[in-house]
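In what follows, a structure is listed as C-alpha cells, so that the remarks can point back to it.
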Amino acid sequence: MQFQLVKPRFHKNREYSANNVDLNMKFAASFFRCFQPSSATLAGDAIEEEEERYDDSINMNSGTDGRAIASPSFRVFSYDELKAATRGFKNKIGEGGFGTVYKGRLIGDNFIAVKVLSVELETMRGERDFISEIVALSDIKHENLVTLRGCCIDGAQRLLVYDYMENNSISHTFLGAEQNRVKFTWPLRKHVSVGIARGLCYLHEEINPHIVHRDIKASNILLDQNFTPKLADFGLAKLFRDNTSYISTRVAGTLGYLSPEYAYSGHLTRKSDVYSFGVLLLQIVSGQPVVDYNLKYGERFLVEKAWELYNTKNLLELVDSALKGEFSQDEAVRFLKVGLLCVQETTRLRPAMSEAIKMLSNEIDIEDIDISRPGLVADLMEVKIRQKHSPNFTSSPASSTTGSFQAR
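Here the sequence shown stands for residues 693 to 1100, numbered as in the numbering used here.
So this is what it looks like as C-alpha cells:
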C-alpha cells in the first residue's frame, strides 16, 4: 500500500473565536431555546434581541430534533438523541483521562463517536463559557485533527460528538501483538508519523493563541478509513475552570510520555508536547511499549533503551522486528534520532514541531547534530507526592491565552 503525503490545508486568514459576538450570541440564543423554560427571562429576552440584530450574520439550520445549528457542521444534540444513537451507550470504543467514548449512528447512517466527559461538574466551566469554548474548538480544522461535530449539555452531563474514526487508534490497530505490528508497514509508519507532526505543528504554530495538547500518546492518535492520523482530545483542558485542581492533578497522566518539567513542576509549554511526540515516534518505529518490564532489568523505559543503543551506535537494533527488514535503514535511523532530539532533557534543545517535520523529511540534515541525554519521569508516585506537598506546584493553562483563535 502506497501513501502520498499531502500538504495540510491550513485555514489562513480565518478567525477562530470563543468571543466572537456574531457566533456566540446566535449560538447562545439557540442554546437557551433548547434548555430554558417557555417563559422567557430578562436575560433570555436580551439574547433574543441580540439574535434579531445579528440575524443575517450567520446561517442557522435545524437538526432532526428541531435544535438550532451554529454552523453546517456543528450542532447541539439532545441527550436522548445521543442515547438512541449509541443504543444506550453500549458500544464502548475507548476510554481516557477525560471520559469514555462510544460508537453511535445518527439517522441517515452517519457514524459518530460520543465522548461522555467523566469529571465533576464543579470543575467544568459554566454553560455559556463551555459552549463558547466548544464552538471555538469546533472551528479549528486540519486534516490531522479529529473534527468536533457538536455537544450536549443535560443537567450535569457533558457530551462531545466527533467524527467516527474507522480504524480506531494507533495503539489499538497497529501496536501490541506482532500480528498488528506486521500490518504497520514502513511506508505507513512514515505516513502516520509525519501526519501526527503536522497536526501538532498546526496547534503549536499555525493558530493564535497556540494550543498545547498535553496528552500526546498512541491511544490519542486516531486513524480514519485511509489511515490518516488525527489527533484527538486537543484543547479539552480549556473546558475546565482556570482554578480547578483537576488540571494539576492530571499532570500525573501517562507514564512514559510525560516530560520531566511538566510532571515535576507543572511547567507546561509546547516543548512538553514535543517531548511526548518524541516518545511516540520511538514507539512507532520500534513497536515497543513506552514502559516495559522484564525479570532481568525490571521496569524499562523506551527512552532509556533508545539512548543506550544510540550511545553504542546500535540504534538499528531498536527497529521493530515485525518489519522483517523491509524498511529503509537510513530513514529508520533518522526517525529514531528525531525522536531522541525531541526527548532531550534540556527543553530549549528540543526542536519546534515545524523543525521536526523538516528533519523527518530530511530537509534538515541531522547527521552531525549532537543529541544530549534524554529527560525521564521514572516514578509516577513521586510526581503525585510532589504535587501534594508542594505549595508552589502550578499547572500552566492549555494555551497561552483564552482569547480568539486566528490562523497565522
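All residues carry an ideal CB built from backbone N, CA and C; glycine is no exception.
Run through DSSP, which three-state label would residue i get?
| i | result |
| --- | --- |
| Thr778 | coil |
| Thr792 | strand |
| Pro952 | helix |
| Gly990 | strand |
| Lys875 | coil |
| Ile1063 | coil |
| Glu773 | helix |
| Lys807 | strand |
| Phe766 | strand |
| Arg797 | strand |
| Gln1036 | strand |
| Glu898 | helix |
| Asp757 | Low confidence applies to Asp757: its pLDDT is 37, below 50, so where it sits in the model is not reliable enough to give any reading. |
| Lys784 | strand |
| Ile908 | coil |
| Ile1049 | helix |
| Leu923 | strand |
| Leu915 | strand |
| Val977 | helix |
| Leu1068 | coil |
| Thr941 | Here Thr941 scores only 44 on pLDDT, less than 50, and its place in the model should not be relied on; the value that follows carries that caveat. Three-state result, Thr941: helix. |
| Ala735 | Its pLDDT being 41, under 50, Ala735 is placed unreliably in this model, and the value from its coordinates should be taken loosely. Here Ala735 sits in helix by DSSP. |
Please work out which residues of its chain come closer than 7 Å, Cβ to Cβ, to residue i, disregarding the five sequence neighbours upstream and downstream, and give them in chain order.
| i | result |
| --- | --- |
| Leu928 | Phe790 |
| Val1025 | Leu1007, Leu1008 |
| Ser1046 | Cys893, Glu897 |
| Leu1001 | Leu1007, Glu1009, Leu1010 |
| His905 | Leu892, Leu895, Leu923, Phe926, Asp965 |
| Arg881 | Ile976, Val977 |
| Ala776 | none |
| Phe1019 | Trp878, Val1011 |
| Phe1027 | Ser885, Leu973, Val977, Leu1052 |
| Arg962 | His896, His902, Val904 |
Which same chain residues end up closer than 6 Å to residue i when comparing Cβ atoms and leaving out the 5 residues on each side of it in sequence?
| i | result |
| --- | --- |
| Leu974 | Leu994, Ala998, Gly1031 |
| Thr778 | Tyr794, Gly796, Val806 |
| Phe876 | Phe866 |
| Ser911 | Ser861, Ser863 |
| Glu829 | Just to set this straight, residue 829 is Leu in the shown sequence, not Glu. Only Leu840, Gly927 meet the Cβ criterion. |
| Met1051 | Val1030, Ile1058 |
| Gly1067 | Pro952, Glu1037 |
| Leu950 | Val1069 |
Would you decide whether residue i is buried or exposed? Buried here means 16 or more other CB atoms lie within 10 Å of its CB.
| i | result |
| --- | --- |
| Ser786 | In the sequence under discussion, the amino acid at residue 786 is Gly, which differs from the Ser named in the question. It is buried - the Cβ of Gly786 has at least 16 other Cβ atoms within 10 Å. |
| Tyr771 | exposed |
| Asp1012 | buried |
| Thr946 | buried |
| Asp907 | buried |
| Ala1048 | buried |
| Asn836 | buried |
| Pro729 | Residue confidence is low: Pro729 scores 42 on pLDDT, short of 50, so the model does not pin down where it sits. No coordinate-derived value is stated. |
| Glu953 | buried |
| Ile888 | buried |
| Gly979 | buried |
| Ile913 | buried |
| Ala848 | exposed |
| Gly868 | exposed |
| Gly970 | buried |
Give me, in chain order, the residues of the same chain whose beta-carbon lies closer than 8 Å to that of residue i; leave out the 5 immediate sequence neighbours on both sides.
| i | result |
| --- | --- |
| Ser1064 | Gln1036, Glu1037, Thr1038, Leu1041 |
| Val983 | Leu947, Gly948, Glu991, Arg992, Phe993, Leu994 |
| Asp846 | Ser770, Tyr771 |
| Tyr985 | Glu991, Arg992 |
| Ile1056 | Glu1047, Lys1050 |
| Ser810 | Phe790, Gly791, Thr792 |
| Ala1014 | Glu870, Arg873, Val874, Phe876, Gly979 |
Roughly how far, in whole angstroms, is the beta-carbon of residue i from the beta-carbon of residue j, given that I think they are within contact range, below 8 Å?
| i | j | result |
| --- | --- | --- |
| Leu892 | Asp831 | About 19 Å; that fails the 8 Å criterion. |
| Arg850 | Ser765 | With a Cβ gap of about 20 Å, Arg850 and Ser765 do not count as contacting. |
| Lys1016 | Ser968 | At roughly 29 Å, the Cβ-Cβ gap does not stay under 8 Å, so Lys1016 and Ser968 are not in contact. |
| Val874 | Asp855 | Not confirmed; about 28 Å, so no contact. |
| Val768 | Ile804 | At roughly 14 Å, the Cβ-Cβ gap does not stay under 8 Å, so Val768 and Ile804 are not in contact. |
Does the Cβ of residue i lie closer than 7 Å to at least one heavy atom of the ligand NAP?
| i | result |
| --- | --- |
| Thr1039 | Absence of the ligand NAP is noted for the structure shown, with no ligands found whatsoever. |
Kindly indicate if chain B contains any beta-carbon less than 8 Å away from that of residue i.
| i | result |
| --- | --- |
| Asp801 | Absent from the structure is chain B; it holds one protein chain and no more. |
Starting from the N-terminal side, write out each stretch of the alpha helix (DSSP H) that is 4 residues or longer and does not extend beyond the segment 816-896. 819-830, 862-865, 870-873, 878-893
Run through the segment 980-1032 for me and flag every whole beta strand (DSSP E) of 3 or more residues, listed as ranges in chain order. 983-986, 990-993
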